[in-house]
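Chains as they are written, first to last, in this note's numbering: chain U, 1 to 113; chain H, 1001 to 1111.
All remarks here apply to the structure that follows.
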């Protein structure tokens, strides 16, 4: 099994550009989430989904949109990139919302110039 | 690019030593406490969890201790190996909901 797959691995954007970070899992997990990781800040939750068609905001949702049309895919959209969104982004999935074992992708390193 | 490891507390040990990584938490309502390991350039990986009504749980070479009186969680790694070098995060699961992560501790193991 591939687990959680994120694309791209690296991306450079200009301020104001939009893009979509892709995330797919093949474990039939209900729960998926997006985190951003900044130096010394740990992982902060952006958005999450408890199942297809259901999404909700996390700790730092501003500037990001998500949708969950299938169980497998959970893309993260940056609407108008800003330098403050320079970060490493991780997608994760787990069997259900209360499950403590989350499976993470390899991350997308995004730089906004 | 700047490493996620910058500005983190760091624990340096010799190979074969036992390591103890500590974490303080603030929310008494947490249902589970969890430890994750993140190697350089990779996503975090689940190590072990402990339910809030327990005070100790053991895994393979790892032990997690929970002291609810002082709101303290620790991860003990026995016979630390170079492959254990990573950033370790504690996390909380509150109300069977989302995971909230701490800021992390870097473990450096010297041969």
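Yeah, the Cβ is synthetic: ideal placement off N, Cα and C, and Gly gets one too.
| Burial state of residue 9 of chain U, where buried means 16 or more other Cβ atoms lie within 10 Å | Taking a 10 Å sphere around the C-beta of residue 9 of chain U, we find fewer than 16 other C-beta atoms and assign the residue as exposed.
| task | With DSSP collapsed to three states, give me the class of residue 25 of chain U. | result | Of the three classes helix, strand and coil, the one that applies to residue 25 of chain U here is strand, per DSSP.
| query | Just by C-beta distance, which residues in the region 88-101 of chain U are closer than 9 Å to chain H? | reply | Those residues of the region 88-101 of chain U that come within reach of chain H (Cβ to Cβ, closer than 9 Å) are 88, 90, 91, 92, 94, 96, 97, 98, 99, 100, 101.
| query | What does residue 45 of chain U touch in chain H if you count any residue whose Cβ is under 9 Å from its own? | reply | Going along chain H in sequence order, the residues near residue 45 of chain U (Cβ under 9 Å) are 1098, 1099, 1100, 1101.
| request: May I ask you to list, following chain order, the residues of the region 1015-1035 of chain H that have a beta carbon less than 9 Å from some beta carbon of chain U? | output: For the region 1015-1035 of chain H, residues whose beta-carbon sits nearer than 9 Å to a beta-carbon of chain U comprise 1031, 1032, 1033, 1034.
| task | Please report how far the alpha carbon of residue 1004 of chain H lies from the alpha carbon of residue 1038 of chain H, in whole angstroms. | result | Low confidence applies to residue 1004 of chain H: its pLDDT is 45, below 50, so where it sits in the model is not reliable, and the reading given next is rough at best. Take the alpha-carbon of residue 1004 of chain H and the one of residue 1038 of chain H: they are about 10 Å apart.
| By how many angstroms is the C-alpha of residue 15 of chain U removed from the C-alpha of residue 80 of chain U? | The alpha-carbon of residue 80 of chain U is positioned some 7 Å away from that of residue 15 of chain U.
| request: Take the Cβ of residue 1049 of chain H as the centre, count every other Cβ of all protein chains shown within 10 Å, and call the residue buried at 16 or more, exposed below. | output: Under this definition residue 1049 of chain H is a buried residue.
| task | State the start and end residues of the unbroken beta strand (DSSP E) segment that holds residue 12 of chain U. | result | For residue 12 of chain U, the enclosing beta strand (DSSP E) covers residues 10-13.
| query | So, helix, strand or coil for residue 1055 of chain H, using DSSP? | reply | It is coil, neither helix nor strand.
| request: Give the single residue among U/18, U/36, U/50, U/41 whose Cα lies nearest to the Cα of residue 90 of chain U. | output: In terms of CA proximity to residue 90 of chain U, U/36 leads the group U/18, U/36, U/50, U/41.
| How should residue 1051 of chain H be labelled, buried or exposed, when 16 other C-beta atoms within 10 angstroms of its C-beta is the threshold for buried? | Flag for residue 1051 of chain H reads exposed.
| Helix, strand or coil at residue 1081 of chain H [DSSP, three-state] | Secondary structure at residue 1081 of chain H: coil, using DSSP grouped into helix, strand and coil.
| message | In the DSSP assignment, the beta strand (DSSP E) including residue 32 of chain U goes from what residue to what residue? | response | Segment 31-38, the beta strand (DSSP E) holding residue 32 of chain U.
| Is the CB of residue 1042 of chain H under 8 Å away from at least one CB in chain U? | At least one chain U Cβ lies under 8 Å of residue 1042 of chain H.
| said: With a threshold of 7 Å on Cβ separation, who are the neighbours of residue 112 of chain U within its own chain once the five nearest residues in sequence on each side are excluded? | reply: Cβ neighbours of residue 112 of chain U beyond the five flanking positions: 13, 15, 81, 82, 83, 85, 86.
| said: With the cut-off set at 8 Å, would you say residue 46 of chain U and residue 64 of chain U are in Cβ contact? | reply: In this structure, residue 64 of chain U lies closer than 8 Å to residue 46 of chain U by Cβ.
| Residues in the region 1081-1097 of chain H having any Cβ partner in chain U nearer than 7 Å | Answer in chain order: 1089, 1093, 1096, 1097.
| query | In the DSSP assignment, what residue or residues form a beta bridge with residue 1045 of chain H? | reply | Paired residues: H/1037.
| Over what stretch of residues does the beta strand (DSSP E) that includes residue 1014 of chain H continue unbroken? | Boundaries of the beta strand (DSSP E) around residue 1014 of chain H: 1010-1014.
| task | Indicate whether residue 11 of chain U and residue 23 of chain U have their beta-carbon atoms separated by less than 8 Å. | result | One thing to note: residue 11 of chain U has its Cβ no nearer than 8 Å to the Cβ of residue 23 of chain U.
| Exposed or buried, which one is residue 1077 of chain H when buried takes at least 16 other CB atoms within 10 Å? | So residue 1077 of chain H ends up on the buried side.
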